[in-house]
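The numbers in numbering that gives the first Met the number 0 rise by one with no breaks, and the one at position 127 of the sequence shown is 126. For glycine and all other residues, C-beta sits at the position ideal for the given N, C-alpha and C. All of these numbers come straight from a predicted model, not from anything done at the bench.
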Amino acid sequence: MRRPEDLRSHRWLGVHDLRAFGHRSRLQQMGYDRADFAGKPVIAIVNTWSDINQCHAHLRIRAEEVKRGVWQAGGFPLELPAMSLSEPFVKPTTMLYRNFLAMEVEELLRSHPVDGAILLGGCDKTTPGLLMGAISMGLPCLFVPAGPMLRGNWRGEVLGSGSDSWKYWDELRAGNITEADWEEIEGGIARSYGTCMTMGTAASMMAVAEALGFTLPNASSIPAADANHPRMATGAGRRIVEMVWQDLTPEKILSPEAVHNALVVHNAMGGSTNVIIHLIAIARRAGIPLDLHAFDAISRQVPVIANVRPSGKYLMEDFWYAGGLRGLMSRLREHLHLDLETVAGRSWHDILQGAEVYHPDVIRPVDDPVFAEGATAVLTGNLAPAGAVMKPAAAQPDLLKHRGPALVFPDYDSMARAVEDEGLEVTREHVLILQNAGPQGGPGMPEWGMLPIPRKLLRQGVRDMLRISDARMSGTSYGACILHVAPEAWVGGPLALVRTGDEIEVDVSARSLNVRLDEREMQRRREAWTPPLPRYQRGWGALFQQHIGQADQGCDFDILQAGAATPEPEIH
Ligand code: FES
0 MRRPEDLRSH RWLGVHDLRA FGHRSRLQQM GYDRADFAGK PVIAIVNTWS
50 DINQCHAHLR IRAEEVKRGV WQAGGFPLEL PAMSLSEPFV KPTTMLYRNF
100 LAMEVEELLR SHPVDGAILL GGCDKTTPGL LMGAISMGLP CLFVPAGPML
150 RGNWRGEVLG SGSDSWKYWD ELRAGNITEA DWEEIEGGIA RSYGTCMTMG
200 TAASMMAVAE ALGFTLPNAS SIPAADANHP RMATGAGRRI VEMVWQDLTP
250 EKILSPEAVH NALVVHNAMG GSTNVIIHLI AIARRAGIPL DLHAFDAISR
300 QVPVIANVRP SGKYLMEDFW YAGGLRGLMS RLREHLHLDL ETVAGRSWHD
350 ILQGAEVYHP DVIRPVDDPV FAEGATAVLT GNLAPAGAVM KPAAAQPDLL
400 KHRGPALVFP DYDSMARAVE DEGLEVTREH VLILQNAGPQ GGPGMPEWGM
450 LPIPRKLLRQ GVRDMLRISD ARMSGTSYGA CILHVAPEAW VGGPLALVRT
500 GDEIEVDVSA RSLNVRLDER EMQRRREAWT PPLPRYQRGW GALFQQHIGQ
550 ADQGCDFDIL QAGAATPEPE IH
């Protein structure tokens, strides 16, 4: 157990010198009394609330509820705002800024008199950004997930975030619903604050954060609008104060076994392919090696048991009522390391004691899964030497082994125009290929990987076809989409060399992805390829361009991965 003089904040607030006088007098300027902070752990509440983040609309008040818990436990709470990263509004893509948030969190914590941190977030990139920064800083930290929004509703029909947008957009394009229907759907699909309530990146990453051990038990799927949510937030405030006294730092939580548990949970949830990138980055921040093949290996062992859209039928609100992540993990005991400690100060053995599943169709038994395997397949071949990923469960089965001519688009705009052209020469046998949508090319690897089905084919009733890109795909999307091709086209990966008419061969059971060209022809094209000019000359874009890694490496900056420690600031 640490003493007050062991606290990091003691250097700012506890010593008898002119600097500490200044720090204390400035706290008193804000109306705090010495009794509010003297000898107490200072808890940063890193809040990704903003007026334009719909998923985090409640985090302003949740911060107050966290503070209540911090005060109760004898800590001193300070709210520190951080970049909000609203998935729909931030352009060109939030992924351009995940590492920005991670850097911001790390430096916020480093530069202030902070002993521990509560991380408030949940909308897609905020969870990995918050965790990556806090892990690199190394102070005790606890993640408070924003939680999913309530189910969508349209004329009594349940609507799911993302998935039903894509579905009804295609129906509108095919002429099966009216503009008036579409407007009604717009008003009914997102009914409350909270994150997307399908198994998108948000729900997947919040579950992964819990499985890694960074949340209170069963926190990750509490609906944002449920009264359990503020109670959980207050409990987190109490607990982080204890964690500081116990010096329960992230390195004591994050082990290779904890990463294994996260892989198991991600797979059993049928989680988003984006998690692959984020979990690699998170693990590597802690110096834990993790690569794509670990995801493929787990995918062959662990069934998908969460029956949640887009792979399944229900939504996250149903998942919570069915028992939440605690219920799901109780069904996976044989795959999990149960003796690990979490931020709750309890092992999984203890946390899963008495856990139950209340709706067995929502969280299925292991012997009656939604899919026996296949949440993630990692494909390699001459088109993706460093790997590409796919969610076979979300694809029409006949497309899992396919050979067809490529229809290549060098950028998003030309693709978007072409698919609306009724005269486009395309059949369901074609393989749509989008180049230059990777980490450098997008830039920021946008979620363009679910390329739209050409309008002409939609009218013929086609709803899935093989699509390949170096982009990502929203976890709420579906279809036979091969994503994250590495190395990306922009840096001269083989995807840049493919031309319309080349024959593409995909065999998911063999985990292969090839273009049927001999190496001599590939080499000829490689030599003729000219690299694009750098997009940014200044600012964040230039920094991003210089340091961003490829998808199979987690898209982290080389300068932010585990290595030499950054010194503590001098206090002069
Ligand atoms: Fe925030 Fe989907 S838009 S989680």
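Annotated three-state conformation of L247 is coil, per DSSP. For T194, the shortest C-beta to heavy atom distance toward the ligand FES is below 6 Å. Unbroken beta strand (DSSP E) runs of no fewer than 3 residues, entirely contained in the region 387-416, are found at 400-408, following chain order. The alpha-carbon separation between W539 and D35 amounts to approximately 39 Å. In this structure, the C-beta of A81 stays at least 6 Å away from each heavy atom of the ligand FES. Assignment of C554 by DSSP, reduced to helix, strand and coil, places it in the coil class.
Taking a contact to require three or more Cβ pairs closer than 8 Å, the region 117-136 and the region 292-299 do not qualify as touching. Taking non-hydrogen atoms of the ligand FES into account, the C-beta of D123 is found less than 6 Å away from one of them.
Comparing alpha carbon positions, the residue from I362, F20 and L253 closest to H336 is L253. Within the DSSP bridge table, the entry for V157 names N152 as partners. Distances from the alpha-carbon of R1 to those of L12, P486, W319 and V240 put V240 closest. Around the beta-carbon of M94, 16 or more other beta-carbon atoms lie within 10 Å, marking it buried. For R299, the uninterrupted alpha helix (DSSP H) run begins and ends at L291 to Q300, by DSSP. Here the C-alpha atom of E182 lies approximately 13 Å from the C-alpha atom of A189. At least one heavy atom of the ligand FES sits closer than 6 Å to the Cβ of A201. Sequence-distant partners of R427 (beyond 5 residues in either direction) whose C-beta falls short of 7 Å from its own C-beta, in its chain, are L456, V461 and M464. Taking a contact as a CB-CB distance under 8 Å, the pair V425 and L399 does not count as one, their CB atoms being some 20 Å apart.
Taking 6 Å as the cut-off, the C-beta of E446 does not count as close to any heavy atom of the ligand FES. Counting along the chain, the unbroken alpha helix (DSSP H) around D349 starts and ends at W347 to I350. Closest by C-alpha distance to V369, out of R330, N306, D420 and V157, is N306.
DSSP places D506 inside the beta strand (DSSP E), whose first and last residues are E502 to D506. E520 counts as exposed, since fewer than 16 other beta carbons sit within 10 angstroms of its beta carbon. Restricted to the region 176-262, the alpha helix (DSSP H) segments that are unbroken, complete and at least 4 residues in length are 178-187, 200-211, 227-245 and 249-252, listed in chain order.
In this chain, the alpha helix (DSSP H) harbouring V274 covers N273 to R284. Here the alpha carbon of L324 sits roughly 17 Å from the alpha carbon of D338.
The count of Cβ pairs closer than 8 Å, one atom from the region 75-87 and one from the region 155-168, stays below three, leaving the stretches out of contact.
By the CB criterion at 7 Å, G269 and M328 fall outside the cutoff. Look at S511 here: in three-state DSSP terms it is strand. S468 sits in a strand when the DSSP states are folded into three classes. The Cβ atoms of A210 and V264 lie closer than 7 Å to each other. Counting only residues of its own chain and dropping the five nearest sequence neighbours on each side, V430 has a CB closer than 8 Å to the CB of H401, G403, P404, A405, L406, M464, L465, R466, I467, I503 and V505. Judged by the Cβ position, E185 fails to qualify as a neighbour of the ligand FES at the 6 Å threshold, every heavy atom of the ligand being at least this far.
Just measuring C-alpha positions, the residue of A218, G478, I287 and L542 sitting nearest E316 is A218. Per the Cβ contact rule, the region 351-361 is not in contact with the region 230-239 (fewer than 3 Cβ pairs under 8 Å). Within the chosen limit of 6 Å, the ligand FES does not reach the beta carbon of E316 with any heavy atom.
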